[in-house]
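First the structure, in the form of C-alpha cells, and then the observations on it.
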Amino acid sequence: MNRSARVITDSPDATARLGARVRTDGLNLAYGKQVVIEHLNLAFPAGRVTAMVGPNGCGKSTLLAGLARLHQPSAGAVIVDGQVLARLSPREAGKRIGLLPQDAAAPDGLTVYDLVRFGRQPHQGLLRQWSPEDQAMVDWAIEACDLKELVDRPLETLSGGQRQRAWIAMAVAQGTPLLLLDEPTAALDLGHQVEVFELIRHLAAQGRTVVMAVHDLSQACRYADHLVAMRDGKVIAQGAPADVVTPELVRHLYGIDCTLVTDPLTGTPVIAAIHRTPSTVADTNGNGSGH
Amino acid sequence: MNTVSDRRPMAGSHTAPPGHLLLRYREWSVLVLYRGVLATLGLTIAMFFVAGLALALGTADLNPLTALAAAFGTGTEQDVFIVRELRLPRVVTGILVGMALGTGGCLMQTLARNRLATPGIVGIDNGATAFAVASVVALTTGLAPSGMSLAGSITALVLVLALSGGTGTRGYRFLVVGIGVGAVFGSITNYLLARAPIDSANAAYPWTVGSLNARAGGSVALLAIGLAITLPVAVFLGRQLSTMRLSDQVAQSLGISVRRVRVGTLMVAVTLSALSVAVAGPVGMIALLAPEAARYLAGPRTVPVLGSAVAGALFTVLADLAGRTLFAPIEIPVGVITAVVGGPYLLWVLLRSSSRRII
Numbered sequence: 001m002n003r004s005a006r007v008i009t010d011s012p013d014a015t016a017r018l019g020a021r022v023r024t025d026g027l028n029l030a031y032g033k034q035v036v037i038e039h040l041n042l043a044f045p046a047g048r049v050t051a052m053v054g055p056n057g058c059g060k061s062t063l064l065a066g067l068a069r070l071h072q073p074s075a076g077a078v079i080v081d082g083q084v085l086a087r088l089s090p091r092e093a094g095k096r097i098g099l100l101p102q103d104a105a106a107p108d109g110l111t112v113y114d115l116v117r118f119g120r121q122p123h124q125g126l127l128r129q130w131s132p133e134d135q136a137m138v139d140w141a142i143e144a145c146d147l148k149e150l151v152d153r154p155l156e157t158l159s160g161g162q163r164q165r166a167w168i169a170m171a172v173a174q175g176t177p178l179l180l181l182d183e184p185t186a187a188l189d190l191g192h193q194v195e196v197f198e199l200i201r202h203l204a205a206q207g208r209t210v211v212m213a214v215h216d217l218s219q220a221c222r223y224a225d226h227l228v229a230m231r232d233g234k235v236i237a238q239g240a241p242a243d244v245v246t247p248e249l250v251r252h253l254y255g256i257d258c259t260l261v262t263d264p265l266t267g268t269p270v271i272a273a274i275h276r277t278p279s280t281v282a283d284t285n286g287n288g289s290g291h
Numbered sequence: 001m002n003t004v005s006d007r008r009p010m011a012g013s014h015t016a017p018p019g020h021l022l023l024r025y026r027e028w029s030v031l032v033l034y035r036g037v038l039a040t041l042g043l044t045i046a047m048f049f050v051a052g053l054a055l056a057l058g059t060a061d062l063n064p065l066t067a068l069a070a071a072f073g074t075g076t077e078q079d080v081f082i083v084r085e086l087r088l089p090r091v092v093t094g095i096l097v098g099m100a101l102g103t104g105g106c107l108m109q110t111l112a113r114n115r116l117a118t119p120g121i122v123g124i125d126n127g128a129t130a131f132a133v134a135s136v137v138a139l140t141t142g143l144a145p146s147g148m149s150l151a152g153s154i155t156a157l158v159l160v161l162a163l164s165g166g167t168g169t170r171g172y173r174f175l176v177v178g179i180g181v182g183a184v185f186g187s188i189t190n191y192l193l194a195r196a197p198i199d200s201a202n203a204a205y206p207w208t209v210g211s212l213n214a215r216a217g218g219s220v221a222l223l224a225i226g227l228a229i230t231l232p233v234a235v236f237l238g239r240q241l242s243t244m245r246l247s248d249q250v251a252q253s254l255g256i257s258v259r260r261v262r263v264g265t266l267m268v269a270v271t272l273s274a275l276s277v278a279v280a281g282p283v284g285m286i287a288l289l290a291p292e293a294a295r296y297l298a299g300p301r302t303v304p305v306l307g308s309a310v311a312g313a314l315f316t317v318l319a320d321l322a323g324r325t326l327f328a329p330i331e332i333p334v335g336v337i338t339a340v341v342g343g344p345y346l347l348w349v350l351l352r353s354s355s356r357r358i359i
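From first to last, the protein sequence lines are chains F and D.
According to this note's numbering, the residues represented by the first sequence are 1 to 291, in order.
According to this note's numbering, the residues represented by the second sequence are 1 to 359, in order.
Printed below as a string of C-alpha cells:
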C-alpha cells in the first residue's frame, strides 16, 4: 500500500478527540508490603504523547497498571478529568482509558475485525450489541491503523507488526481520551517500530492523551512530547526530551556513559558512544529492582 | 507522512459484522452469530435423535415411532410402561447430567484458559463424590447426597483455589493442584468404601463410577431446578468470558468486572458439577469433550455455553445408550463408556493441536 497517500480522518466519536487530563495525587502502589511507588505527584500533559523511561524494575509498568486501574493504589489516587479513577465503575473507566498491555493473546481463528470489535465492549450492553457508533468507530480504527486489507485475516497469520497494529486498533476503537501503551514496540523490528510510533503520533495529533512505557530512550525522545524518567519508583526528571535528556541522566538511569548527538532530521537527542560506567558509579544500576 | 483531514465516515450504512445477523429495533441492537446458532441447533437435533433411539432401544426393542407414541402415553400398556417408567426418566436424567457437565466444563476451561481445566480434572467431582459417598456409608444422617456433594465440591474448590492462589493466566498451577486435591478426595472415597459394610458400600458404588442407573428422584429434580437457574447465568457469563479470553488485563480495561465474572463462573461450575455428581456420580470426560465439540462447530467468535450444554447431553445419552445395549444384558456404567471412548479422543485432540493454543 502507498502509505503516503493514506488519509486519516477524525475519530467519529467526539470524546476521543478531547485529551484526558491525568494526574496522580500522592499515589502509592505496592505489591503486598513491597512499595513500588510512594507518594507520587505527577501530571501528564493533555493531548500529548508522554513516554515513561527507566531501567527494568523502575516502576514504570507498575505505574502504567495503576493508571489503567489494574492495580489499586494503597494510598493516594489517580485523577482522570477531575474524577478519582478508583471510584469509577469498570465500565466507566473502560470508556475513558484504553490499554495495550504487553502480554495480550487471542484465540486462534479470530480475525482482525473480530479483535477490533472487542474495543467497543464498554459501550455495549445486552440490548445494545452493535450500534451505528460502534460500527463507525471500528471502521475508523481499522482505517487509522492501516488494516483495511487485513480485516478478514486470522490474527495468527499476521506478522508481528501487523498484529500489534490490530491490538492498537482495538484500543483505538474503544474511543477513549486516554490511551496507555505498555512497550508497544517490544519484540518488533525497526521498521515495524517506526510504523507503530508513527501511528501513535497520529492518534495523539487528534487530541488524545497518550502515555506509554518505552525501553529505547532515543525513540522515546524522537516520538514523545514529554518524557518521564523513573528510577526506583521515583520520577527523577521530566519535561521535553531535548531539555531533560543529558549524559548525567543516562548515567543515573542506566549506569552507562554516553555522548548525546542531535538527530539531523528531527533535532531530538540520540544516544551514541555507549559504554558501561566504571565500577565507582556502576552501583546506580545494580539496586534498581522495583519488584 | 499521513495527513489528517476532517472527512467523516459515511453515515447510514449500519451493517452487521462478518458472520452475524443484526436485529434492530429503535436504539436497541442484538447480534446473532450464524455459526453459533447453527451449531447449537444441529447439536440439539442430534441430541433429540439419540434420545429417541434411547427410548426405543433396550432389552425390548421398540419401533422408534411406537416408542415416541408411548412416551406421550399412547400404545400398549407394556410399551407405555417400558418407555415412560423405565427409559424416559433415564434419558431425561442423562440429558440433565450432560447439560450440567458440558456447561461447567465450558465455563471452567474458558476461565482458566486451559482445555484441561474441567471440574472433573481439578478435583471438584472427586470432592463431591467423597462427600456423597460419606453420606451413604459413613454418616447415617438423612442428608441427601445433593447437599453433601455440594458441600464436597465447594470444599474441593476452596482447597484448590487456596493452594494454587487462583486460576492463573494459563491455569497450569491450578490444574496441578486440582489433580492433587482430587487424588486426596479419591483416596478418601476408596477408604470409606473399604471400611463400610458391604451393603452400604454397594449402595454407594454407583457414585464412584458414574452411572445413570442409581438416580434418585429428589436429586434429579434439584439438578433440573439448578440448571434452570444457572444456565441463563452461564450464558450471560459466557459473553464476559469471551472478552476474558484476551487476558484479564485487557478484559478489565474493556470494562469487565473480572473478579465478579471469576467468582460467578466458579460458583456456577461448582453448583452444576455438585448437582450432577449427586445424581450420577462423576461421569468423566463429558466436560472435556462437549465444549471441545461445541467450540469446533461454533468457531472462535463465541464461547459456546449453550452448545456445550447440548453437546454434553448428546454425549451422555449416547454413552448411556451404548452402555445399556452393547453388551446386553450386562450393563456398563455410563462413566466407563465415556472414559473408554473419551480417553483416546482427548489424546487425539491434545496431540493434534499446537500447545500454545488458547481457548
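From the three backbone atoms N, C-alpha and C, an ideal C-beta is built for every residue, glycine too.
Beta-carbon spacing of residue i, residue j below 9 Å
i       : j       : result
L178(F) : V228(F) : no
L354(F) : L88(F)  : The question about residue 354(F) has no answer, for chain F in this structure spans 1 to 291.
A319(D) : A290(D) : no
P119(D) : L101(D) : yes
G47(F)  : R208(F) : yes
W207(D) : V92(D)  : no
P107(F) : Q174(F) : no
L193(D) : Y205(D) : yes
L100(F) : G59(F)  : no
D225(F) : P45(F)  : yes
G123(D) : V209(D) : no
M244(D) : V261(D) : yes
V172(F) : T185(F) : no
L227(D) : M108(D) : no
A278(D) : A132(D) : yes
I121(D) : L163(D) : no
L33(D)  : L23(D)  : no
P18(D)  : D134(F) : no
L360(D) : R173(D) : For residue 360(D) there is no data in the structure shown, the boundaries of chain D being 1 and 359.
W167(F) : L217(F) : no
C258(F) : A272(F) : yes
P304(D) : C106(D) : yes
A39(D)  : L297(D) : yes
I97(F)  : S253(D) : yes
Range covered by the alpha helix (DSSP H) that runs through residue i
i       : result
H123(F) : First-last for H123(F): undefined, no H or E at that position.
L107(D) : L88 to A112
T316(D) : V305 to T325
T208(D) : I198 to V209
L33(D)  : Here L33(D) belongs to no alpha helix (DSSP H); instead the beta strand (DSSP E) covers W28 to L33.
Span of the beta strand (DSSP E), counted from its first residue to its last, around residue i
i       : result
G26(F)  : V22 to Y31
R231(F) : H226 to R231
T209(F) : T209 to A213
W130(F) : Premise fails: W130(F) is in no beta strand (DSSP E) and is neither H nor E.
H275(F) : P269 to R276
T66(D)  : No beta strand (DSSP E) contains T66(D), which is instead part of the alpha helix (DSSP H) from P64 to A71.
D182(F) : L178 to D182
R24(D)  : H20 to Y25
I330(D) : From DSSP, I330(D) is part of no beta strand (DSSP E); its letter is neither H nor E.
A237(F) : K234 to G239
T256(F) : Reading the sequence as shown, one finds Ile at residue 256(F) and not Thr. Residues I256 to T262.
Subject >> Residues from the stretch 53–79 of chain F in contact with chain D, defined by Cβ distance under 9 Å >> reply: A65, A68, R69 and L70
Original post:
If contact means a Cβ-Cβ distance below 7 Å, which residues of the stretch 246–267 of chain D contact chain F?
Top reply: L246, S247, Q249, V250, Q252, S253, L254, G255, I256 and S257
**OP:** Flag this pair as touching only if the stretch 235–253 of chain F and the stretch 64–84 of chain F have three or more C-beta atom pairs under 8 Å; answer yes or no.
**Re:** no
Original post:
If you measure beta-carbon to beta-carbon, which residues of the stretch 125–141 of chain F are closer than 7 Å to chain D?
Top reply: L127, R128, Q129, W130, S131, P132, Q135, A136, D139 and W140
Original post:
Any contact of the stretch 328–339 of chain D with the stretch 62–72 of chain D, i.e. 3+ C-beta pairs under 8 Å?
Top reply: no
**OP:** Output the residue ranges of the alpha helix (DSSP H) runs that lie fully inside the stretch 39–112 of chain F and measure 4 residues or longer, sorted by chain position.
**Re:** 60–67 and 90–96
Original post:
Counting Cβ pairs closer than 8 Å, one from the stretch 141–160 of chain D and one from the stretch 292–312 of chain D, do we hit at least three?
Top reply: no
**OP:** Would you check if there are 3 or more beta carbon pairs closer than 8 Å linking the stretch 181–200 of chain D to the stretch 146–160 of chain D?
**Re:** yes
Subject >> Inter-stretch contact (C-beta, 8 Å, three-pair minimum) for the stretch 194–206 of chain F and the stretch 229–242 of chain F >> reply: no
Original post:
Contact between the stretch 48–61 of chain D and the stretch 258–278 of chain D: three or more CB pairs below 8 Å?
Top reply: no
**OP:** Determine which residues of the stretch 295–328 of chain D have a Cβ less than 7 Å from any Cβ of chain F, and write them out in chain order.
**Re:** G299, P300 and R301
**OP:** Starting from the N-terminal side, write out each stretch of the alpha helix (DSSP H) that is 4 residues or longer and does not extend beyond the stretch 233–286 of chain D.
**Re:** 248–253 and 258–280
Original post:
Going along the chain, which residues of the stretch 15–38 of chain D sit with their C-beta nearer than 8 Å to a C-beta in chain F?
Top reply: T15, A16, P17, P18, H20, L22, E27, W28, S29, V30 and L31
Original post:
What are the residues of the stretch 219–250 of chain D that lie near chain F, defined by any Cβ-Cβ distance shorter than 7 Å?
Top reply: T243, R245, L246, S247, Q249 and V250
**OP:** Please list the residues of the stretch 199–219 of chain F that have a C-beta atom closer than 8 Å to any C-beta atom in chain D, keeping them in chain order.
**Re:** H202, A205 and Q206
Original post:
Going along the stretch 97–113 of chain F in order, which residues come within less than 8 Å of chain D, judged by CB to CB distance?
Top reply: I97, G98, L99, P101, D103, A104, A105, A106, P107, D108, G109, L110, T111 and Y113
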